[in-house]
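For the sequence shown, this note's numbering assigns the number 1106 to the initial residue and increments by one for each residue that follows.
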Amino acid sequence: MRDFIVKVFTKLYLVFKVKYFKYLYGEKINLHKKISFRRGFKLIVDGKGKISIGAGCFFNYNTSISCLGDVEIGEYCLFGENVKMYDHNHRFSDNTKRIDDQGFKVGSIKIGNNCWIGSNVTILNNVTIGDNVVIGANCLIYKSIPSNTIVKSKSEVILQERKQSSFFEVVNPSRNN
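Listed below in structure tokens is the structure:
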């Protein structure tokens, strides 16, 4: 019975949230009926921005899409937790003006079909991601990715050995006397 109640509540939450986005953004968004997302999913559409999301997409906790231009996501894409997408970037080249007074460079993000975007990935403006792409956790995507590609972060795990004295010798050297 509890599982049934959770499923019903989840479905109602999805329906309500999609209707909320449609009310808020109207024609600026095109969300297929068969998408799903978890708590913390955010859409921000401003200016002339438009978002289109295809069937079967799943957005995990705290995924956000910030759109001033154009964001298109194909069908059956999976997004891990904390994925962030920005189709724009601040202008900052004029040192005589404050950054917040210089506006934005507006671009687009296009993601193909059947992609898996891992947790904590950030996708920046003017990026096209092809079909069947897998992007590993913690990647910063700032250039386009061709179809049928796996993207991995090249950050390195460095292991360093600690001195072999015990914790108690360091904290209380007189203990062993």
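Glycine residues also receive a C-beta, built at the ideal position from the N, C-alpha and C atoms. Here the structure is a predicted model, which means the values were calculated and not measured.
Buried or exposed by the 16-neighbour rule on C-beta atoms within 10 Å, applied to residue i
i, result
"LYS1138", "exposed"
"VAL1188", "buried"
"MET1106", "exposed"
"THR1168", "buried"
"SER1330", "In the structure as shown, the chain starts at 1106 and stops at 1282, and residue 1330 therefore has no counterpart that could be examined."
"LYS1155", "buried"
"ILE1263", "exposed"
"VAL1176", "buried"
"VAL1111", "exposed"
Run of the beta strand (DSSP E) containing residue i, from where it starts to where it stops
i, result
"LYS1215", "1213-1216"
"CYS1172", "1169-1172"
"ASN1237", "Element bounds for ASN1237: n/a, residue is neither H nor E."
"SER1157", "1155-1158"
"LEU1136", "1134-1136"
"LYS1268", "It is not in any beta strand (DSSP E) - LYS1268 carries neither H nor E in the DSSP assignment."
"LEU1148", "1147-1150"
"ILE1178", "1175-1178"
Inter-residue CB distance, residue i and residue j (contact presumed, cutoff 8 Å)
i, j, result
"ILE1134", "VAL1113", "Going by Cβ atoms, the distance from ILE1134 to VAL1113 rounds to 25 Å, so no, they are not a contact pair."
"ASN1230", "CYS1182", "No, ASN1230 and CYS1182 are not in contact; Cβ-Cβ is about 18 Å, not under 8 Å."
"PHE1142", "PHE1163", "7 Å"
"GLY1145", "TYR1118", "That belief does not hold up - the Cβ atoms of GLY1145 and TYR1118 are roughly 12 Å apart, past 8 Å."
"SER1065", "VAL1239", "This structure does not reach residue 1065, given that the chain is present from 1106 up to 1282, and the question cannot be answered."
Distance CB(residue i)-CB(residue j) smaller than 7 Å
i, j, result
"VAL1232", "ILE1214", "yes"
"GLY1217", "ASP1236", "yes"
"LEU1148", "PHE1126", "yes"
"SER1258", "GLY1241", "yes"
"ILE1234", "ILE1250", "yes"
"ILE1228", "PHE1184", "no"
"ARG1196", "GLY1208", "yes"
"LEU1136", "ILE1158", "yes"
"ASN1200", "LYS1210", "no"
"GLU1180", "ALA1160", "yes"
Bounding residues of the alpha helix (DSSP H) (the contiguous stretch that carries residue i)
i, result
"VAL1188", "Taken as a continuous stretch (DSSP letters only), VAL1188 belongs to no alpha helix (DSSP H), as it is neither H nor E."
"LEU1119", "1107-1130"
Any chain D beta carbon closer than 7 Å to residue i
i, result
"TYR1166", "Absence of chain D from the displayed structure is noted, only one protein chain being present."
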